[in-house]
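> The structure is given below, and queries will be raised subsequently.
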Amino acid sequence: MDEFQEILQDFLVESFELVEKLDEDLVELENNPEDLELLNGIFRVAHTVKGASSFLNFDVLTHLTHHMEDVLNKARHGELIITPDVMDVVLESIDLMKALLETIRDTSTDAGIDVSACVVKLDKITGGNGEVDTPIAVAPVVEEISEPEVVEENEDEIDYDNMSPDDLEAEIEKLLQERQAEDKAKREAKIAAGEDVLAAPPEPDAEPAPKAEPEPTPPPTPKPAPAPVATAPAAKKEDPKAAAPTKRAPAAVEQTIRVDVKRLDHLMNLIGELVLAKNRLIKINDDVEERYEGEEFLEELNQVVSIVSLVTTDLQIAVMKTRMLPIGKVFNKFPRMIRDLSRELNKKIDLELGGEDTELDKSIVEEIGDPLVHIIRNSCDHGVEMPEERLAKGKNETGTIGLKAYNEGNQIVIQIDDDGKGLDVNMLKNKSLEKGIITEKEADNMSEKEAFGLIFKPGFSTAAAVTNVSGRGVGMDVVKTNIEKLNGIIDIDSELGVGTSMKLKIPLTLAIIQALLVGVQEEHYAIPLASVLETVRISKDEIYTVEGRSVMRLRDEVLSLVHIGDIFEVERILDVSEHAYVVVLGLGTSKLGLIVDTLVGQEEIVIKSLGDYLKGIEGVAGATIRGDGGVTLIVDVVALMSMARNVKSTALSNVGSESTVSMEKNKASDYKVMIVDDSKTDRTIMRKALESMGITLVEASDGQEALNVLKSGEHNFDAMLVDIEMPRMDGYTLATEIKKYNKYKNLPLIAVTSRTGKSDRMRGVESGMVEYITKPYSADYLSSVVQRNVNFKAEFL
Amino acid sequence: MSDKLKQIINKQGDQQNSGHDQLDDIVQLVGFVIGEEEYAIPILAIQEIIKPFTWTRVPQVPSYVLGVFNLRGAVIPLIDLRAKFGLKTKNQSDETRFIVMRHGDDVAGFVIDRLTMAIRLKKTDIGPAPDTVNGDDTIIDGVGKQEDKIITILKVNKLLERDF
Chain S
6 MDEFQEILQD
16 FLVESFELVE
26 KLDEDLVELE
36 NNPEDLELLN
46 GIFRVAHTVK
56 GASSFLNFDV
66 LTHLTHHMED
76 VLNKARHGEL
86 IITPDVMDVV
96 LESIDLMKAL
106 LETIRDTSTD
116 AGIDVSACVV
126 KLDKITGGNG
136 EVDTPIAVAP
146 VVEEISEPEV
156 VEENEDEIDY
166 DNMSPDDLEA
176 EIEKLLQERQ
186 AEDKAKREAK
196 IAAGEDVLAA
206 PPEPDAEPAP
216 KAEPEPTPPP
226 TPKPAPAPVA
236 TAPAAKKEDP
246 KAAAPTKRAP
256 AAVEQTIRVD
266 VKRLDHLMNL
276 IGELVLAKNR
286 LIKINDDVEE
296 RYEGEEFLEE
306 LNQVVSIVSL
316 VTTDLQIAVM
326 KTRMLPIGKV
336 FNKFPRMIRD
346 LSRELNKKID
356 LELGGEDTEL
366 DKSIVEEIGD
376 PLVHIIRNSC
386 DHGVEMPEER
396 LAKGKNETGT
406 IGLKAYNEGN
416 QIVIQIDDDG
426 KGLDVNMLKN
436 KSLEKGIITE
446 KEADNMSEKE
456 AFGLIFKPGF
466 STAAAVTNVS
476 GRGVGMDVVK
486 TNIEKLNGII
496 DIDSELGVGT
506 SMKLKIPLTL
516 AIIQALLVGV
526 QEEHYAIPLA
536 SVLETVRISK
546 DEIYTVEGRS
556 VMRLRDEVLS
566 LVHIGDIFEV
576 ERILDVSEHA
586 YVVVLGLGTS
596 KLGLIVDTLV
606 GQEEIVIKSL
616 GDYLKGIEGV
626 AGATIRGDGG
636 VTLIVDVVAL
646 MSMARNVKST
656 ALSNVGSEST
666 VSMEKNKASD
676 YKVMIVDDSK
686 TDRTIMRKAL
696 ESMGITLVEA
706 SDGQEALNVL
716 KSGEHNFDAM
726 LVDIEMPRMD
736 GYTLATEIKK
746 YNKYKNLPLI
756 AVTSRTGKSD
766 RMRGVESGMV
776 EYITKPYSAD
786 YLSSVVQRNV
796 NFKAEFL
Chain V
15 MSDKLKQIIN
25 KQGDQQNSGH
35 DQLDDIVQLV
45 GFVIGEEEYA
55 IPILAIQEII
65 KPFTWTRVPQ
75 VPSYVLGVFN
85 LRGAVIPLID
95 LRAKFGLKTK
105 NQSDETRFIV
115 MRHGDDVAGF
125 VIDRLTMAIR
135 LKKTDIGPAP
145 DTVNGDDTII
155 DGVGKQEDKI
165 ITILKVNKLL
175 ERDF
């Protein structure tokens, strides 16, 4: 059972790979009908699939591929010319073959798809020497065709549909035995093969039979039923041309292994952890360096850290490479698509592929297919003109669509060019106005690039009529969302009458990205660097408000701004400085300035999901773990752009000046004063001096503790008594820290110290102390100073 | 061939199910306090119990979701049970703990005021949730009776369910 499943899996994987390649080859074959090597290659695919499927008892598939093989075999022997009409039938049969393979993958049987109509057509081609009448009505029984060559075969394949399962089994058994006997006879000439058919070594039989052996009847030649399973892996990597009989090398050694994607994913996850650990190590190294400057062991530590970080980076790249697939895998299906489209639209279109070897992460390769289909369809339908029109314009009758991929920095660029009519900016604007996608005003202010971007708006379609191909107004919208999902950017260039060029810029991998870390208040956020165009430092008066939205002038552009704090509901506790940074985000054709308080730096981050519980939070793409072990949220630039539209402008205006909410005091104990001193004795002295007033006292033993108490927001203090010399955080630092908070701007800080120097006093004032009491002091003096500063009501005395 | 496989799978499935039937009738729970009340959850639903450390705020969530924290490389949501149960928030003390609970693939950390003890209860000592608590929506799984007190047993899957 298991063995069967295993073989089945291998068969499916292999078949899908073969079929993918097939499409491209067939279209090329149509252009070069004489290319024998190409024909041989295609024939071999049909043959391999047939052989394997007959071994696995997929009768319908065998039946179909067998007839395909007949046609191809004839073509191969020059008895049949591949005309577009013949090709249509062959392509149809290949589509059926794909459908069958998919059914097999899903259900493990190949029942449920009717291939008879196609088989009739195929037979017609072999029978009628290449002339195809208009498709015949579906004939339930295919077999009675006068051609002598096929008759014998037909008797074998006859009436599968009508047979009882048992008969069928018997029939197949018989067939298989016949075939095996045939095979054996052939093999005997060579080395004696083992009894076990499965273990049979790759047989040359899988290759097309040498032409020297004149065989008018197709069936006997290509029936080494079991062998192809074993040959498969070797055959799949080879280019059909390279595998042409003349060049066939003696059994090349297998240089690749198949690995389950899950294992690679796991490996990638582990690397992610390693990258995080590396970041952490670097941070610790920095800290240690600071603390033990000049120590000898530092150099050694430095070396180790840099080696670890170097190797980690290399390892990461190496593992990323294992997940890379050539983009040719996606490109393969386009020649066929272009062919079908051009026939359907009665246009003449050539496709030029380039850079098929460019490699991309597997997950991206999987996602990129659909957008490309839409873009290319669009180019065929709207871009390239009808042949007559092209001739009238003095262009070549045949339009060209170029599809190429290349590396640019750590991005992959996929470029789609057409030499069609180009995008008409005015037409785009008018159309959008008509459909209410933009307003008159927006249209007037729109740059050319922004106007091109309109084609990605949902509900937009420039096609006058909805065709089969495009114009439903969904396609390009999907393109944009899909590309943005991959953190990619779309860049359109177009010249009216000359053509359009679209560039999709996509990051190499999705799991680990470069990010810009920004700070707002006490929080940090990571912005994918791919979306960051530039950063600018501005002062507050450079921000203007237009129609309730903040904007700024950036060179010759007007950039709309949004404060990151407004997007992420950040509480404004810290005082904002006069200056701020604007991170200019670019996505597709739109731009947005994001105001942040600080720029922290660039870091390599590993994207982690927030999990099911917190999924779908707008504006957050995920989280990452930083060098210090903390979690930092990753900004979802796409969502942020749309959220920015609904955010009211608060930009840098200091909201919340209601901070110093001094609550109504009804009794003496409503007053709260904090005593910060590292000496227990001093605290007790102060407490004794103030207790008589009946106010509430809270003690802290150093600056750090005082700050924590303050931050906790548990108490609402009216004043603080601060000693200057304290461990961990001294009084000056504490005062400076406290004054950073809007809320405590007006909190009276009273220095209580034995330092009497003038410069000490000056420092005290600079750091925001309002009073300066020198030790020793009398209890009455202290109490009166406190009363004055907290506006103590006389009636409580 | 696949029929045969199905039969085998079915048979194995039956065997497994019958194995489940003979569960022992002791339930092991971990008790903890939130506010004045003592609650408990099945010990098997607990991945670990850790001392509090820093977390990162997440925007656009109800106030009882404090944010996310890093549990050895995994990013996990942190939920304040005090806030979730409608109690006033209180500052963390030395006894505050994060209980990391797991149900299937869902994991989250919960802030509790203090742990009490591991409890072994006979199934017969656990009563249903009071009738006043409405239907399937309740997060109360049952009420465990001990000699001197009763303990509310919570449904872990309900706790881990996103309800906003």
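As they're listed, the protein sequences go chains S and V.
So the first sequence is numbered by our numbering: it starts at 6 and just counts up by one.
So the second sequence is numbered by our numbering: it starts at 15 and just counts up by one.
Even glycine gets a Cβ: it sits at the ideal position worked out from N, Cα and C.
Source: prediction; values computed, not measured.
Name the residues in the segment 37 to 58 of chain V whose C-beta lies less than 9 Å from a C-beta of chain S; which are they?
Correct list: empty, as no residue qualifies.
> Given a cut-off of 8 Å on the beta-carbon distance, is the pair residue 708(S) and residue 736(S) in contact?
As a first step, residue 708(S) is located in the first sequence; it is residue number 703 there, counting from the start. As a first step, residue 736(S) is located in the first sequence; it is residue number 731 there, counting from the start. For residue 708(S) and residue 736(S), yes; Cβs fall inside 8 Å.
> Interface residues of chain V around residue 640(S) at Cβ under 9 Å?
As a working note, residue 640(S) is residue 635 in the first sequence. Within chain V, no residue comes near residue 640(S); the closest Cβ sits about 11 Å away, beyond 9 Å.
> Does the pairing of the segment 537 to 551 of chain S with the segment 589 to 603 of chain S give three or more beta-carbon distances under 8 Å?
Segments in contact, yes.
> Hey, is residue 623(S)'s beta-carbon within less than 8 Å of any beta-carbon in chain V?
Your numbering for residue 623(S) matches position 618 in the first sequence. Taking Cβ atoms only, chain V reaches closer than 8 Å to residue 623(S), which makes this a yes.
> Examine chain V for any beta-carbon lying closer than 8 Å to the beta-carbon of residue 603(S), and answer yes or no.
Numbered from its first residue, the first sequence carries residue 603(S) at position 598. Cβ-Cβ to chain V under 8 Å: no for residue 603(S).
> Just mark residue 22(V) as buried or exposed, buried being the case when its beta carbon has 16 or more other beta carbons within 10 Å.
Locating residue 22(V) in the second sequence gives position 8, counting from the first residue. The residue is exposed, with fewer than 16 neighbouring Cβ atoms inside 10 Å.
> Strictly below 8 Å CB to CB, what residues from chain V border residue 637(S)?
To locate residue 637(S), count along the first sequence from 1; it is residue 632. Here the neighbours are 70.
> What does DSSP give as the partner residues of residue 643(S) in its beta bridges?
Counting from one through the first sequence, the residue named residue 643(S) turns up at place 638. According to DSSP, residue 643(S) bridges with nothing at all.
> Using the beta-carbon of each residue, which ones in chain V are nearer than 7 Å to residue 278(S)?
The residue you call residue 278(S) lines up with position 273 of the first sequence. Going along chain V in sequence order, the residues near residue 278(S) (Cβ under 7 Å) are 87.
> Is the number of C-beta pairs between the segment 724 to 733 of chain S and the segment 669 to 689 of chain S that are closer than 8 Å three or more?
In short, these stretches touch, since the Cβ pair count reaches three.
> Among the residues of its own chain, which have a CB less than 6 Å from the CB of residue 367(S), if the five just before and after it don't count?
Numbered from 1 along the first sequence, position 362 holds the residue referred to as residue 367(S). The residues are 328 and 330.
> Starting from the beta carbon of residue 292(S), find every residue of chain V whose beta carbon is closer than 9 Å, and list them in chain order.
Within the first sequence, the letter at position 287 stands for residue 292(S). Under the 9 Å cutoff, chain V gives no residues; its nearest Cβ is about 17 Å from residue 292(S).
> Can you confirm whether residue 488(S), when its beta carbon is compared against all beta carbons of chain V, has any partner nearer than 8 Å?
Translated into the one-based positions of the first sequence, residue 488(S) becomes position 483. No, residue 488(S) lies away from the interface with chain V (no Cβ there is under 8 Å from its Cβ).
> Starting from residue 512(S), trace the beta strand (DSSP E) both ways and give me its first and last residue.
Looking up residue 512(S) in the first sequence gives position 507. It spans 504 to 512 - the beta strand (DSSP E) in which residue 512(S) sits, taken as one unbroken run.
> Which residues, in chain order, does the segment 107 to 141 of chain V contribute to contact with chain S at a C-beta distance below 9 Å?
From the segment 107 to 141 of chain V, only 119, 120, 121 and 122 have a Cβ closer than 9 Å to chain S.
> In chain S, which residues lie less than 9 Å from residue 170(V) when you measure between Cβ atoms?
Against the second sequence, residue 170(V) aligns to sequence position 156. By Cβ distance, chain S contributes nothing, its closest Cβ being about 13 Å from residue 170(V), past 9 Å.
> Check the Cβ-Cβ distances between residue 746(S) and every residue of chain V, and say whether any is below 8 Å.
Taking the first residue of the first sequence as 1, we reach residue 746(S) at position 741. No, its Cβ sits nowhere closer than 8 Å to a Cβ of chain V.
> Would you say residue 248(S) reaches chain V, if we count a Cβ-Cβ gap shorter than 8 Å as a contact?
As a first step, residue 248(S) is located in the first sequence; it is residue number 243 there, counting from the start. Residue placement at residue 248(S) is poorly supported in this model, since its pLDDT is 39, which falls under 50; the coordinates are not used for a value here.
> Which value, in whole angstroms, describes the spacing of the CA atoms of residue 213(S) and residue 48(S)?
By one-based count along the first sequence, residue 213(S) stands at place 208. By one-based count along the first sequence, residue 48(S) stands at place 43. Low confidence applies to residue 213(S): its pLDDT is 44, below 50, so where it sits in the model is not reliable, and the reading given next is rough at best. Computed Cα separation, rounded: 8 Å.
> Using CA atoms only, rank isn't needed, just tell me which of 638(S), 179(S) and 742(S) is closest to residue 59(S).
In the first sequence, counting from the first residue as 1, residue 59(S) sits at position 54. Out of 638(S), 179(S) and 742(S), 179(S) has the C-alpha closest to the C-alpha of residue 59(S).
> According to a CB-to-CB cut-off of less than 9 Å, which residues of the segment 87 to 104 of chain V neighbour chain S?
Hits within the stretch, in order: 87, 88, 89, 90, 91 and 93.
> What residue ranges within the segment 517 to 550 of chain S form continuous beta strand (DSSP E) runs of no fewer than 3 residues, ordered along the chain?
Counting only runs of 3 or more, we get 517 to 525, 528 to 533 and 537 to 544.
> Assign residue 805(S) to one of three DSSP states: helix, strand, or coil.
It is not possible to answer for residue 805(S), since the shown part of chain S is limited to 6 through 802.
> Let me know if residue 347(S) comes out buried or exposed under the rule of 16 or more other beta-carbons within 10 Å of its beta-carbon.
Your numbering for residue 347(S) matches position 342 in the first sequence. Result: buried.
> Is the Cβ of residue 73(V) closer than 8 Å to any Cβ of chain S?
Here residue 73(V) is taken as the residue at index 59 of the second sequence, counted from 1. Chain S contact via Cβ: present.
> Distance, Cα to Cα, residue 21(S) vs residue 344(S)?
The residue labelled residue 21(S) in the question sits at position 16 within the first sequence. The residue labelled residue 344(S) in the question sits at position 339 within the first sequence. For residue 21(S) and residue 344(S), the distance between alpha carbons rounds to 21 Å.
> Kindly indicate if chain V contains any beta-carbon less than 8 Å away from that of residue 146(S).
Here residue 146(S) is taken as the residue at index 141 of the first sequence, counted from 1. For residue 146(S), the predicted structure reports a pLDDT of 40, less than 50, and the residue's modelled location is therefore unreliable. A value from the coordinates is still provided. No, because no Cβ of chain V sits closer than 8 Å to the Cβ of residue 146(S).
> Could you name the residues of chain S that residue 82(V) contacts, counting a contact when the two beta carbons are closer than 9 Å?
The residue labelled residue 82(V) in the question sits at position 68 within the second sequence. Those are 615, 616, 619, 628, 636 and 638, listed as they occur along chain S.
> Can you name the residues of chain V whose CB is closer than 9 Å to the CB of residue 706(S)?
Residue mapping note: residue 706(S) aligns to position 701 of the first sequence, counting from 1. Near residue 706(S) there are no residues of chain V at all, since even the closest Cβ is about 17 Å away, more than 9 Å.
> Where do the ends of the beta strand (DSSP E) carrying residue 499(S) lie?
Counting from one through the first sequence, the residue named residue 499(S) turns up at place 494. Element bounds for residue 499(S): 494 to 500.
> What does residue 173(V) reach in chain S if we use C-beta pairs closer than 9 Å?
Taking the first residue of the second sequence as position 1, residue 173(V) is located at position 159. Here the premise fails: no neighbours, minimum Cβ distance about 10 Å.
> Between 779(S), 492(S), 612(S) and 796(S), which lies nearest to residue 753(S) when the distance is taken from Cα to Cα?
Locating residue 753(S) in the first sequence gives position 748, counting from the first residue. Comparing Cα positions, the closest option is 796(S).
> With 7 Å as the C-beta to C-beta threshold (strictly closer), list the residues of the segment 509 to 534 of chain S near chain V in chain order.
Result list: 528.
> In this structure, does DSSP put residue 86(V) in helix, strand or coil?
On the second sequence, position 72 is the one that residue 86(V) refers to. In this structure, residue 86(V) counts as coil in the three-state DSSP scheme.
> Checking contacts by CB at 8 Å: is residue 11(S) closer than that to chain V?
By one-based count along the first sequence, residue 11(S) stands at place 6. With 8 Å as the cut-off, residue 11(S) does not count as an interface residue toward chain V.
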